[in-house]
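Note sheet for the following structure.
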């Protein structure tokens, strides 16, 4: 049965798959799954390189561990030497890589962290909330330069140094994901997906569902580079509302002496910002796949069966890898994906008005607390200027990130507090370390604690995807 919060808690329990602790944490790949012909996410979870549980105390989890910001903080322009794979490859990582067969469909999971459901917070961003590029290679370098991969490797595998190929493009906003917040998009999506099991008090994570190449060799390891381009745009040089199609320039194009294929000038980019994750997949014979159905999902979506929204891939993404037509990579019949019937963030942005105050502030805490087995992280967002919502992350933590130990669920607890004044955001819209509560007692004072029993891996998976045992 699903664990229950104490009835004496003054906050509403909002369970989530995983928690983005900061509005400025942005995103990375959280987990990877195989997709069955029915569309269900099946088998054992795979993890990206460098994965650390948010409950970890050794090392202490912080967003800087999974986050790979490019260009790095304090550097406004790309140098050309940015590394897309932050962590080294390991044949035996602490947390297992996904196992999949050639031609399998896989789901790469990320959290939207308000970037999709609260677009008014970042009005200069692309309306598709940024474009995700997924590259694949069987020959990764220990230090893979972004400039050697991005918009150099192409779909055919003939671009750049020819070691890899562009496997897929996806909108960061998958058309259905949301975090629980008071925003219009979050509420509308939860309502639209209620028949499929969605609940507004439970986060629905974002997906990039792609098909692996059919020609991968069993026994090999195939590496994916997940790259999310998320710049600020200058409305004087680009129609920001038109970027719902995911097409906008990348500064590296001009730095390499190339011309943007869509005719955009470099001046269209007001601020460079992008993020990456590296994911290794062990390629095995289909008959040897552990857990879940061994059948390969059809590329036309046939075999699809309705299922719980929290354990289901996105059908529209199963019919083609190229949702965003970058550099003409979209071949006839190979587009697929993205034509969701559910509300797109870009479509909603015009209905959401900016608050009359400065940009919202976030005041998170990071770190493990006092070692008592619970972690509290607070995120404060100013929505209309008289209301502040505090979100507290609570979990009964294991002592470390051991892959064999239980990893309990993440939990949202949200409460509303009247506010006569709006917090002042730093110039970059992110919090500074000095704004964060620094000790466990101070963090616990921010909102009541909710402590849950430790769960095993299977129970945790069921919990975070909204299932009961």
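In mature numbering (1 follows the signal peptide of the UniProt record, and there is no 0), the protein residues as written are -25 to -1, 1 to 444.
The C-beta atom is built at its ideal place from N, Cα and C for all residues, glycine as well.
In the assembly as shown, residue 216 is an exposed residue. Its beta-carbon has fewer than 16 other beta-carbons within 10 Å. In this structure the segment 11 to 24 lies against the segment 61 to 78, because at least three pairs of beta carbons, one per stretch, are closer than 8 Å. Three or more pairs of CB atoms, one per stretch, sit closer than 8 Å, so the segment 113 to 123 contacts the segment 47 to 60. A check of alpha carbon separations from residue 112 across 134, 96 and 37 identifies 134 as the nearest. As DSSP reads the structure, residue 81 sits in a beta bridge with 9 and 185.
Under DSSP, residue 139 shares a beta bridge with 112. With contacts defined by Cβ atoms closer than 8 Å, residue 145 and residue 183 form a contacting pair. Annotation: residue 47 to residue 54 spans about 10 Å, alpha carbon to alpha carbon. Around the Cβ of residue 5, a 10 Å sphere holds 16 or more other Cβ atoms; the residue is buried.
Note on geometry: alpha-carbon atoms of residue 296 and residue 143 lie some 5 Å from one another.
Here residue 287 is near residue 15, since their CB atoms are less than 8 Å apart. The shortest C-alpha to C-alpha distance from residue 147 to any of 271, 218 and 258 is the one to 218.
Partner residues in the beta bridge of residue 146, as assigned by DSSP, are 106.
Between residue 284 and residue 171, the C-beta spacing is below 8 Å. Residue 84 and residue 106 have their C-alpha atoms roughly 15 Å apart.
A direct Cα-to-Cα measurement between residue 66 and residue 229 gives close to 37 Å. Residues of the same chain with a CB within less than 6 Å of the CB of residue 41, apart from the 5 flanking positions on each side, are 3 in chain order. In the three-state reduction of the DSSP assignment, residue 179 falls in the strand class. As the crow flies, the alpha-carbon of residue 168 is around 12 Å from that of residue 178. Around residue 162, the same chain offers 175 as residues with beta carbons nearer than 7 Å, after the five sequence neighbours per side are excluded. Residue burial is scored here from C-beta neighbours: residue 231 has fewer than 16 other C-beta atoms within 10 angstroms and is therefore classed as exposed. Residue 197 places its beta carbon 8 Å or farther from that of residue 251. A straight line joining the alpha-carbon of residue 95 with that of residue 101 spans about 12 Å. Residue 100 carries a coil assignment under DSSP once its states are collapsed to helix, strand and coil. Annotation: residue 191 is outside any beta strand (DSSP E) and is labelled neither H nor E by DSSP. As a beta-bridge residue in DSSP terms, residue 256 pairs with 73 and 197. Contact between residue 204 and residue 243 does not hold, since their C-beta atoms are separated by about 13 Å, which reaches or exceeds 8 Å. Residues of the same chain with a CB within less than 6 Å of the CB of residue 8, apart from the 5 flanking positions on each side, are 16 and 82 in chain order.
Burial state of residue 291 is buried, judged by a 10 Å Cβ sphere holding 16 or more other Cβ atoms. Within its own chain, the residues whose Cβ lies closer than 6 Å to the Cβ of residue 299, once the five positions on either side in sequence are excluded, are 106, 144 and 221, listed in chain order. The beta carbons of residue 193 and residue 136 sit about 25 Å from each other, so the pair does not count as a contact at 8 Å.
Within a 10 Å sphere around the beta-carbon of residue 233 sit fewer than 16 other beta-carbons, which makes this residue exposed. Nearest in C-alpha terms to residue 274, of all of 207, 181 and 189, is 189.
Per DSSP, reduced to three states, the secondary structure at residue 289 is coil, with no helix or strand assignment. Closest in C-alpha terms to residue 276, from the list 154, 293 and 282, comes 293. Separation of the CB atoms of residue 211 and residue 11 is rounded to 48 Å, and the pair is thereby denied contact status at 8 Å.
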